[in-house]
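Colleague: There's a structure below that I have some questions on.
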Amino acid sequence: MVPRIFYFLSFLFIFAVTFASTEEAAALLKWKATFLKQNSNSLLASWTPSTDACRGWYGVQCFNSRVKMVNIANASVIGTLHDFPFSSLSFLEHVDLSMNHLSGTILPELGKLTNLVYLNLSINTISGNIPPQIGKMNSLEVLALQSNNLTGPIPITLGDLTELKSLHLYSNQLSGIIPSELGNLRNLNDLKLHENQLSGSIPKALGDLSELTILYLYDNQLSGPIPSELGNLENLSKMDLSENQLTGLIPITLGNLTKLKVLYLFTNQISGPIPSELGNLKSLNDLELYENQLSSSIPIRLGDLAELKILYLYTNQLSGPIPSELGNLKNLSDLELYENHLSGLIPITLCDLPKLQILYLCSNQLSGPIPSELGNLKNLNDLQLYENQLTGSIPVTLGNLTELKILYLYTSQLSGLIPSELGNLKNLNDLVLYENQLTGQIPTSFGNLSNLQYLYLRDNKLSGSIAKELAYLDNLVFLSLSDNQFSGHLPEHLCQGGKLVYFSVTNNKLTGPISRSMSNCSSLTRIRLDNNSFTGNLSEAFGIYPKLQFIDLSDNDFHGELSSNWGKCNNLTDLRIARNNISGSIPPEIGNIKGLLGLDLSSNHLIGQIPKEFGQLNSLVKLTVQNNNISGNIPKEFGSLTKLESLDLSDNRLNGSVPTFIGSYMNMFFLNLSNNKIGEKIPMEIGRMAQLNVLDLSHNLLVGNIPPQLANLEVLLSLNLSHNGLSGHIPEELESLTGLQYVVLSYNELEGPIPNNKAFVNASLEGNKGLCGNVTGLQPCQRPSSAVKKHSKVKRRRLILITVLPVMGALVLLCVFMGVLFMCDKKRRTKDIEIQDDGWLSISMLDGKTLYRDIVNGTEEFDATFCIGQGGHGSVYKVNLPSLGIIAVKRLHSSFESTHSKSFMNEVRVLTGIKHRNIVNLYGYCSNAQHSFLVYEYVERGSLSSILSNEVESKKLDWLKRVNIIKGVAFALSYMHHDCSPPIVHRDISSSNVLLDSENEARVSDFGIAKILKPDSSNCTTLAGTYGYVAPELAYTMKVTPMCDVYSFGVLTLEIIKGRHLGEYITVLANSSTKDHAQFSDLLDERLPYPEDEVKEVLFFIIKLASSCLVETPKSRPTMHFISHKLSTIDPSLPTHVKRAL
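When you line the sequence shown up against mature numbering (1 follows the signal peptide of the UniProt record, and there is no 0), it's residues -20 to -1, 1 to 1122, in that order.
Right under this line is the structure:
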């Protein structure tokens, strides 16, 4: 009986298993049927009804005929999880569907696989939320969902997976906070949540994950401090919290992580010092803390990290010397400390690092010589020491660095000869030594640098001939030798390698003809030979350059004619051949260069007419052909050049008339047709040129009236119509041109009164027969005749009867009202200015003595701990007062000797009354025998200068924020110059005196303080402004005017766009009538993404406006009223409005 039952049970088990196996196979086949693009060659071709799922199916494994594993990773499956048989595969323990093309969502039914140990759905396109039901998979040890499109929060139920060892959710779009429940995963050794959109703080509970070896939370939006509890993770070997918004200090408890090998905290907002406790991390081989706000000095204990290979501390606010103890890091291969405030000498001990390959100490304040011992670093391949204060000569021992590929020593104070030993660096790709004080010749040994691609030697004092050996550099791509004292001829065969792209020898003393190799160098894209003494026939010296974009041959001695070959340089955007001895006519083939933006042929001996083919240059922005012998009419084909912004055809022999189509030049801001033979009337269409700043039609044969439509040129700054035959009255409509600064109408036949406008009052008007007005040199205009007076007498009597009584009554009421105001104002002023016998004084709308006492007590007698900055006039302190909240107090230097004159007190009182959203409020002034200080509103983010110099903070100021800052400064200056009476001049506009509030709104500080602190200076000064921002006229006039602020505003505007002060490049912009498009990118902050087209137009317009502020003649600069008006028309948040504003 027993055997029969045994057989029966065995048969029943086999039947059940077979049925279950068949059911599982059928379920998988049903899922497979939903896949797209199946073919017989796929890895899943073995999945058929006729084969055994447990023996012949790819990726399927069974135990006791039940499916335990499905692993079809990278099987090119295109489908979803919607029909995956979760219910039928209850015995599954391992599922790997990674690296396929699965889409759709993860279904909650996945939670039914309670036996699952391994689940990998990574590298697909799965979307939607992570279902909380996954938390029911109690046996799960590995959960890999990375590299999908998952959204929503991390379910807190994942904290129930207590067996979990590996959790990978990275590279998705998960949001919300990191659940503190993850701290329950005590077996977890690998947590990777990076590259999501997680926010909030890092949970302290993560410090309970005692088995954790890897913690990756980087590239999220996490904020708040780093929890000190992370110091409990004693098994941690890799921690990456980089690219978040973490703040606060680096916890000293991280020094307990003795097994840590990698620590990444870079690109956050972490502040304070680097803890010396990090010196305990003896296993550390990679420490990266860059792009934070770390301050103080580099701890000497970092020299104890004997295993360290990489140390990145760059772009912080570290100061002090570089510790010599870093020379103990014998395994170090990469040391980058650039963009800090490090000072002192380069430690010689750094030269004892035998494995060092990369050394970046640039953009600091290091001084002294470059140690010759650097030549011992035989493995060094990248050495960058630029933008420091290094002095002395370049060590000859650098020639021993035979592995060196990059050597950057630019923008320092290096002097002496360039060592010929640098010619030993056979692997060198980049050699950049510009902006130093190097002398002598280019070493002939440079001809040995066969791998050299970039050679920058500009802005030095190099002399002699350019070494002919440079012709041996077959791989040379960029060669910049400009702004030196080179003489002689260009070397032959300079481009024989055929790779030269950029070649510049601007501002030297070079002579002779252009070498044949240059004329055949088809690889060139930019050539600058301007401001030398090159000779030769221009038509023979240059060939066809299919890739050429920019060429400047100006200010040389070329002769001959313009070749038609220029028309075959199809990629040319800017052609400049000004101030040579070129003759002949302008070749019409130049009209074939469709992308040409700028053309300058001025000051030559060109004859003939302007080719009508120029009408095809639809992209042309600037055309300058002045000072030649061009004749004929302005071609009617010019009507299609609607993008023109600057047109200068002056000093030629043009005739005909000013064409009416000129009114279609809606973008033009500079038009000069002077000194020609142009006749007929000035067309009224010229009034449609809404952007015109400068109009010069002088010295022509123009007749008729001045068209009143010129009054539509609202932004016109300069108008010159002199030396013509214009007649009639000056249109009274021109009174509305309030921005007009320079007017010349002399030597015409004008008559009648001059417009009531400041520019016309100061205009040059001599040589006209009948002008009148209250201006020196003109007769007063005649009053109306007695007949007219008698005719209007009766009418006036009626008006008197109608109006006299109401007016008299109103006057009585007005007198009473003014009397009350006067008494109130007198009473208020006696309270504003308090003077007592003990020498104590205050000017404030508050109780002055209480304010004084609160400030002295609040700063603990101006203790240094409250000091937040120092300036030329004193130190600034931050203090929290019960009456005003947080304020800034500028304590004046003891050298300030105030006489408390009436003018001083009045000026401070005026400044305290100023209220403008873009001006820092001055609350008052307090003084006694001990202290004198000014009381200001506190502005949260500090100075614009400090923000632009911070690599992290500056990137947060995107292009639109920077445009808004520029607008804010302009509004403040316009208000003070034009809305205050008398006008107030700032006298010290710079990025240090522009503060940003929490909304990044500009707030100008220290308005007028430079003057009131020197009350005897009136409008003349021996020191007004910050070096680099001061208007050039102050060097000889010493007279401060609103135009000085305008100049400083121009410098500041360009600094905001570039991200740093432009230095000597300001002079280049000041001497240019417009900024060419080819150099636009040179003025942008490279730390920000290149602007979109709409924003690019705004920036270009602002750069053009700022450049007009830099002209040498103060009267030619725009007023702040004009500037603020133009900027107010731009709304960068609405790109569709941009073109209208421009």
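Virtual Cβ for every residue (Gly too), placed ideally from N, Cα, C.
Thinking C-alpha only, which one of ASP32, MET956, LEU23, ALA25 is nearest THR2?
Modeller: Your numbering for residue 2 matches position 22 in the sequence shown. The option with the nearest alpha carbon to THR2 is ASP32.
Colleague: What residue ranges within the region 386 to 469 form continuous beta strand (DSSP E) runs of no fewer than 3 residues, ordered along the chain?
Modeller: With a minimum length of 3 residues, the continuous beta strand (DSSP E) runs that stay inside the region 386 to 469 are 386 to 388, 395 to 397, 410 to 412, 417 to 420, 434 to 436, 441 to 444, 458 to 460, 465 to 468.
Colleague: Could you name the residues of the same chain whose beta carbon sits closer than 6 Å to that of ARG281, not counting the 5 residues immediately before and after it, in chain order?
Modeller: Reading the sequence shown from its first residue, position 301 is the one you call residue 281. Closer than 6 Å at Cβ, skipping near neighbours: SER256, GLY259.
Colleague: Distance check for GLU89 and ARG115, CA to CA, integer angstroms please.
Modeller: Taking the first residue of the sequence shown as position 1, residue 115 is located at position 135. Taking the first residue of the sequence shown as position 1, residue 89 is located at position 109. Here the sequence assigns Gly to residue 115, which means Arg is not the residue at that position. Each residue's Cα considered, the two are about 12 Å apart.
Colleague: Please go through the region 54 to 96 and give each complete beta strand (DSSP E) segment of 3 or more residues, from N-terminal end onward.
Modeller: Taking only runs of at least 3 residues, the beta strand (DSSP E) segments lying wholly in the region 54 to 96 are 58 to 60, 74 to 76, 81 to 83.
Colleague: Are the CB atoms of GLU367 and THR391 within a distance shorter than 8 Å?
Modeller: On the sequence shown, position 411 is the one that residue 391 refers to. On the sequence shown, position 387 is the one that residue 367 refers to. Yes; because the gap between Cβ atoms is below 8 Å, this pair is in contact.
Colleague: Any idea what DSSP makes of ASP1056, helix, strand or coil?
Modeller: To locate residue 1056, count along the sequence shown from 1; it is residue 1076. For ASP1056, the pLDDT reaches just 44, beneath the cut-off of 50, and the residue's location in the model is therefore unreliable, although a value from the coordinates is still provided. Looking at ASP1056 - three-state DSSP - the assignment turns out to be coil, as it is neither helix nor strand.
Colleague: Using only the alpha-carbon positions, how far apart do ALA447 and GLY468 sit?
Modeller: Stepping through the sequence shown from its first residue, residue 447 is reached at position 467. Stepping through the sequence shown from its first residue, residue 468 is reached at position 488. C-alpha separation (whole angstroms): 10 Å.
Colleague: Pick from ASN431, LEU291, GLN417, GLN393: whose alpha carbon is nearest that of LEU402?
Modeller: Stepping through the sequence shown from its first residue, residue 402 is reached at position 422. Ranking the options by Cα distance to LEU402, first place goes to ASN431.
Colleague: Is THR1093 buried or exposed, if buried means 16 or more other CB atoms sit within 10 Å of its CB?
Modeller: Translated into the one-based positions of the sequence shown, residue 1093 becomes position 1113. Its Cβ having fewer than 16 others within 10 Å, THR1093 is exposed.
Colleague: Please classify LEU291 as buried or exposed, where buried requires at least 16 other C-beta atoms within 10 Å of its C-beta.
Modeller: Position 311 of the sequence shown holds residue 291. LEU291 is buried by the Cβ-count criterion.
Colleague: Could you name the residues of the same chain whose beta carbon sits closer than 6 Å to that of THR783, not counting the 5 residues immediately before and after it, in chain order?
Modeller: Position 803 of the sequence shown holds residue 783. Residue confidence for THR783 is low, a pLDDT of 48 falling below 50, so the modelled location carries little weight and cannot support an answer.
Colleague: Looking at the strands, I want to know which residues DSSP matches up with TYR270.
Modeller: Residue mapping note: residue 270 aligns to position 290 of the sequence shown, counting from 1. DSSP lists no partner for TYR270.
Colleague: What residues in its chain sit with their C-beta under 6 Å from that of SER425, if we drop five residues either side in the sequence?
Modeller: Mapped onto the sequence shown, residue 425 falls at position 445. The residues are SER400, GLY403.
Colleague: Looking only at C-alpha atoms, which of LEU576, LEU442, ASN407 sits nearest to TYR434?
Modeller: Residue 434 sits at position 454 when you count from the first residue of the sequence shown. The option with the nearest alpha carbon to TYR434 is ASN407.
Colleague: Report the rounded CA-to-CA distance for THR137 versus PHE1081, giving the unit in angstroms.
Modeller: Translated into the one-based positions of the sequence shown, residue 137 becomes position 157. Translated into the one-based positions of the sequence shown, residue 1081 becomes position 1101. Cα to Cα, the separation comes out at about 56 Å.
Colleague: At a cut of 8 Å, does the region 36 to 52 reach the region 71 to 87 through at least three beta carbon pairs?
Modeller: In short, these stretches touch, since the Cβ pair count reaches three.
Colleague: Note down, one range per segment and in chain order, each alpha helix (DSSP H) of at least 4 residues found wholly within the region 672 to 757.
Modeller: Within the region 672 to 757, the complete alpha helix (DSSP H) runs of at least 4 residues are 738 to 741.
Colleague: Go through its chain and collect everything with a Cβ distance to SER107's Cβ below 8 Å, but skip five positions before and after it.
Modeller: Within the sequence shown, residue 107 is the residue found at index 127, counting from 1. Excluding sequence neighbours, SER107 sits near SER83, GLY84, THR85, ASN128, ASN129, LEU130, THR131.
Colleague: LEU149: which of SER181, ASN164, LEU195 sits nearest, CA to CA?
Modeller: As a first step, residue 149 must be located in the sequence shown, where it is residue number 169. For the residues SER181, ASN164, LEU195, the minimum Cα distance to LEU149 belongs to LEU195.
Colleague: List the DSSP bridge partners of ASP314.
Modeller: As a first step, residue 314 must be located in the sequence shown, where it is residue number 334. Paired residue(s): ILE290, ILE338.
Colleague: Rounded to the nearest angstrom, what separates LEU681 and LEU1063 at their Cα positions?
Modeller: Taking the sequence shown and counting its residues from 1, one reaches residue 681 at position 701. Taking the sequence shown and counting its residues from 1, one reaches residue 1063 at position 1083. So the alpha carbons of these two residues sit roughly 42 Å apart.
Colleague: Taking all protein chains shown into account, do 16 or more other C-beta atoms lie within 10 angstroms of the C-beta of CYS1000, making it buried, or fewer, making it exposed?
Modeller: Here residue 1000 is taken as the residue at index 1020 of the sequence shown, counted from 1. Low per-residue confidence applies at CYS1000: pLDDT is 44, beneath 50, and the placement is therefore not dependable enough to give any value.
Colleague: Do GLY211 and THR233 have their C-beta atoms within less than 8 Å of each other?
Modeller: As a first step, residue 211 is located in the sequence shown; it is residue number 231 there, counting from the start. As a first step, residue 233 is located in the sequence shown; it is residue number 253 there, counting from the start. Yes. Within cutoff.
Colleague: So, are the CB atoms of ILE666 and PRO687 less than 8 Å apart?
Modeller: Within the sequence shown, the letter at position 686 stands for residue 666. Within the sequence shown, the letter at position 707 stands for residue 687. Their beta carbons are under 8 Å apart, which means ILE666 touches PRO687 by this criterion.
Colleague: Output the boundary residues of the beta strand (DSSP E) element that contains VAL601.
Modeller: Within the sequence shown, numbered from 1, the residue matching residue 601 stands at position 621. Here VAL601 belongs to no beta strand (DSSP E), and DSSP marks it neither H nor E.
Colleague: Quick one: measure Cβ to Cβ for ILE51 and HIS81, integer angstroms, because I've assumed they're closer than 8 Å.
Modeller: The sequence position of residue 51 within the sequence shown is 71, counting from 1. The sequence position of residue 81 within the sequence shown is 101, counting from 1. Per the sequence shown, the amino acid found at residue 51 is Asn instead of Ile. With 8 Å as the limit, ASN51 and HIS81 do not qualify as a contact, their Cβ atoms being about 17 Å apart.
Colleague: When you compare each of LYS1106, LEU306, VAL965 to VAL943 by their alpha carbons, which one comes out closest?
Modeller: Locating residue 943 in the sequence shown gives position 963, counting from the first residue. Residue LYS1106 is the option with its Cα nearest to VAL943.
Colleague: DSSP on GLN910, reduced to helix/strand/coil?
Modeller: Here residue 910 refers to the residue found at position 930 of the sequence shown. GLN910: coil per DSSP, three-state reduction.
Colleague: To test your reading of the DSSP string, which unbroken alpha helix (DSSP H) runs of 4 or more residues are found completely within the region 8 to 33?
Modeller: Qualifying alpha helix (DSSP H) stretches: none in this window.
Colleague: In whole angstroms, what separates the C-alpha of LYS602 from that of SER626?
Modeller: Within the sequence shown, residue 602 is the residue found at index 622, counting from 1. Within the sequence shown, residue 626 is the residue found at index 646, counting from 1. Answer to the nearest angstrom: the Cα atoms are 5 Å apart.
Colleague: Leaving out the 5 sequence neighbours to the left and right, which residues in its chain are closer than 6 Å to GLN421 when beta-carbon positions are compared?
Modeller: Here residue 421 refers to the residue found at position 441 when the sequence shown is read from its first residue. The residues are GLY444.
Colleague: Within its chain, find whatever has a CB closer than 6 Å to the CB of SER543; leave out the 5 residues flanking it on each side and keep chain order.
Modeller: Locating residue 543 in the sequence shown gives position 563, counting from the first residue. Cβ neighbours of SER543 beyond the five flanking positions: SER519.
Colleague: By Cβ distance below 8 Å, which residues in the same chain neighbour LYS358 in space, the five residues on each side in sequence not counted?
Modeller: Taking the first residue of the sequence shown as 1, we reach residue 358 at position 378. Within the same chain, LYS358 has close Cβ partners PRO334, ASN380, LEU381, THR382, GLU383.
Colleague: By a C-beta neighbour count over all protein chains shown, 10 Å radius and 16 as the cutoff for buried, is PRO962 buried or exposed?
Modeller: In the sequence shown, residue 962 corresponds to position 982, counting from 1. That one is exposed.
Colleague: For PHE1102 and GLY838, what's the separation of their Cα atoms in angstroms?
Modeller: On the sequence shown, residue 1102 is found 1122 positions in, with the first residue counted as 1. On the sequence shown, residue 838 is found 858 positions in, with the first residue counted as 1. Answer to the nearest angstrom: the Cα atoms are 44 Å apart.
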